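Peer 1: Numbering-wise (my numbering), the sequence shown opens with residue 18 and increments by one.
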Amino acid sequence: MELKMIDVVTVCAGKDLENISTCIQSLNKNLDINTIYVITNDTNAVPKLKNVIAIDENQIISRNKVIDLKKIAFPFYEKRFGWYYQQFLKMEFSRSKYCTGNYLIWDADTILLKRINFFDQNLSIFTKGKEKLNENYVNTYKKILGIENKFTYSLISQHLFVKKDIMQKMIIKIEDRFNNYFAEAILKNITGNSPSLFSEYETYVNYYASVSSDYRIVERKWFRNAAAVCDFGSDLNTIADRFTDCDYVAMEKFDTTFKGKLKGTLKYYFYKSKQLFGM
18 MELKMIDVVT VCAGKDLENI STCIQSLNKN LDINTIYVIT NDTNAVPKLK
68 NVIAIDENQI ISRNKVIDLK KIAFPFYEKR FGWYYQQFLK MEFSRSKYCT
118 GNYLIWDADT ILLKRINFFD QNLSIFTKGK EKLNENYVNT YKKILGIENK
168 FTYSLISQHL FVKKDIMQKM IIKIEDRFNN YFAEAILKNI TGNSPSLFSE
218 YETYVNYYAS VSSDYRIVER KWFRNAAAVC DFGSDLNTIA DRFTDCDYVA
268 MEKFDTTFKG KLKGTLKYYF YKSKQLFGM
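1. Determine contact between the segment 90-101 and the segment 151-165, defined as no fewer than three beta-carbon pairs at a distance below 8 Å.
2. Grouping DSSP H, G and I as helix and E and B as strand, with all else coil, what is residue 166?
3. On the DSSP letters alone, give me the boundaries of the beta strand (DSSP E) that residue 72 sits inside.
4. For a quick check, are the C-beta atoms of residue 213 and residue 164 less than 8 Å apart?
5. Is the separation between the beta-carbon of residue 44 and that of residue 37 shorter than 8 Å?
6. Should the segment 146-153 be called in touch with the segment 105-113, which here means at least 3 C-beta pairs below 8 Å?
7. Helix, strand or coil for residue 28, going by three-state DSSP, please let me know.
8. How is the alpha helix (DSSP H) around residue 83 delimited, first residue to last?
9. Measure the CB-CB distance between residue 253 and residue 76 and report whether it falls below 8 Å.
10. In this structure, what does DSSP give as the bridge partners for residue 235?
11. Would you call the segment 202-221 and the segment 255-262 touching, i.e. three or more CB-CB distances under 8 Å?
12. Would residue 117 be called buried (16 or more neighbouring beta carbons within 10 Å of its own) or exposed?
13. Give the straight-line distance between the Cα atoms of residue 180 and residue 232, rounded to the nearest whole angstrom.
14. Just grab the DSSP bridge partners of residue 242 for me.
15. Specify the secondary structure class of residue 137 as computed by DSSP and reduced to three states.
16. With the cut-off set at 8 Å, would you say residue 215 and residue 101 are in Cβ contact?
17. Is it a yes or a no for the segment 169-184 touching the segment 133-151, going by three-plus beta-carbon pairs under 8 Å?
18. Roughly how many whole angstroms lie between the Cα atoms of residue 279 and residue 176?
19. Assuming residue 195 contacts residue 206 (C-beta within less than 8 Å), just tell me the rounded distance between them.
20. Who are the Cβ neighbours of residue 22 in its own chain at under 8 Å, not counting the five residues just before and after it?
21. Would you tell me roughly how many angstroms separate the C-alpha atoms of residue 62 and residue 73, rounded to the nearest one?
22. Kindly indicate which residue of 39, 149, 210, 89 has the alpha-carbon position closest to the one of residue 67.
23. Ends of the beta strand (DSSP E) at residue 208?
24. Considering only the alpha carbon of each residue, which of 162, 122, 267 lies closest to residue 189?
25. Contact check, residue 237 vs residue 133 under 8 Å by CB: the rounded distance?
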């Protein structure tokens, strides 16, 4: 059974807002949308498109809390603060006045090309990721939640279907364990020497699996390096024509660099070869 009238939550800031229109259009075309909430640092820059509500990020996490979070120190954190912060915004949304039920987290650089389900009756549907499982993420959620990892593969897949009550319970569990605001508790208990030490995707899915068996893991056809062969700002039809059998694609900034474009283009030609020759 397909989920109807879904709420979508995405986080986007700065110059990235210039490229969000195609993402929003793709969601409106391929999902039965109730509301698309864009959490941002500049509500005036959010395109006024169908079903869109722009939310100032400080309505989700207060300025004072952000100031406290910025005081924390560990390797790479100062440069990566925004990356961690956007994850906490998507989690804290579950406790905001805007959240009226379950919601779909959707990465703002991702274009949905086909209608797909994220929920089947009472089952949450999670998607396998493309990259190798990052053990740093595993170590972090083991420490903050006291749970074991359930999966040997990554579940970072540009989107995440969230049950409001389970996200709230997970956040409360972290706060109760450390007697601290959940984001601060996470950041103060991170260990490692890598730019990426926490994933809300991996954390939520593994917590979900520790408290419920109502889920299914699926593999979807999606391409992560679309920005190597499609310009930012490309219209939806142009992108869809290049990726005719993909459910969705990601348009990541790295793939516009020389190294990223080279790597992404090679992956694209391999993808096309598989299409042509049934590899």
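Think of the CB as a built atom: it goes at the ideal place given N, C-alpha and C, for glycine as much as any other residue.
From a predicted model like this one, the values you see are computed outputs, not experimental measurements.
Peer 2: Let me spell this out:
1. With a cut-off of 8 Å, the segment 151-165 and the segment 90-101 do not count as touching, because too few Cβ pairs lie within range.
2. Of the three classes helix, strand and coil, the one that applies to residue 166 here is coil, per DSSP.
3. Taken as a continuous stretch (DSSP letters only), the beta strand (DSSP E) holding residue 72 covers 69-73.
4. Cβ atoms of residue 213 and residue 164: not closer than 8 Å.
5. Not in contact: residue 44 and residue 37 (Cβ atoms no closer than 8 Å).
6. Segments in contact, no.
7. The answer is strand: DSSP assigns residue 28 an E or B state.
8. Unbroken alpha helix (DSSP H) run through residue 83: 80-87.
9. Going by C-beta atoms, residue 253 is not nearer than 8 Å to residue 76.
10. Residue 235 pairs with 144.
11. No, the segment 202-221 is not in contact with the segment 255-262.
12. Under this definition residue 117 is an exposed residue.
13. Roughly 11 Å between the two C-alpha positions.
14. Paired residues: 268.
15. It is a strand residue.
16. Closer than 8 Å, so yes.
17. Yes, they touch.
18. One C-alpha to the other measures close to 26 Å.
19. About 7 Å; that satisfies the 8 Å criterion.
20. These residues qualify, in order along the chain: 49, 50, 51.
21. Roughly 11 Å between the two C-alpha positions.
22. With distances taken between Cα atoms, residue 67 lies closest to 39.
23. Unbroken run through residue 208: none, as it is neither H nor E.
24. Ranking the options by Cα distance to residue 189, first place goes to 162.
25. Indeed they touch by this definition, with Cβ atoms about 7 Å apart.
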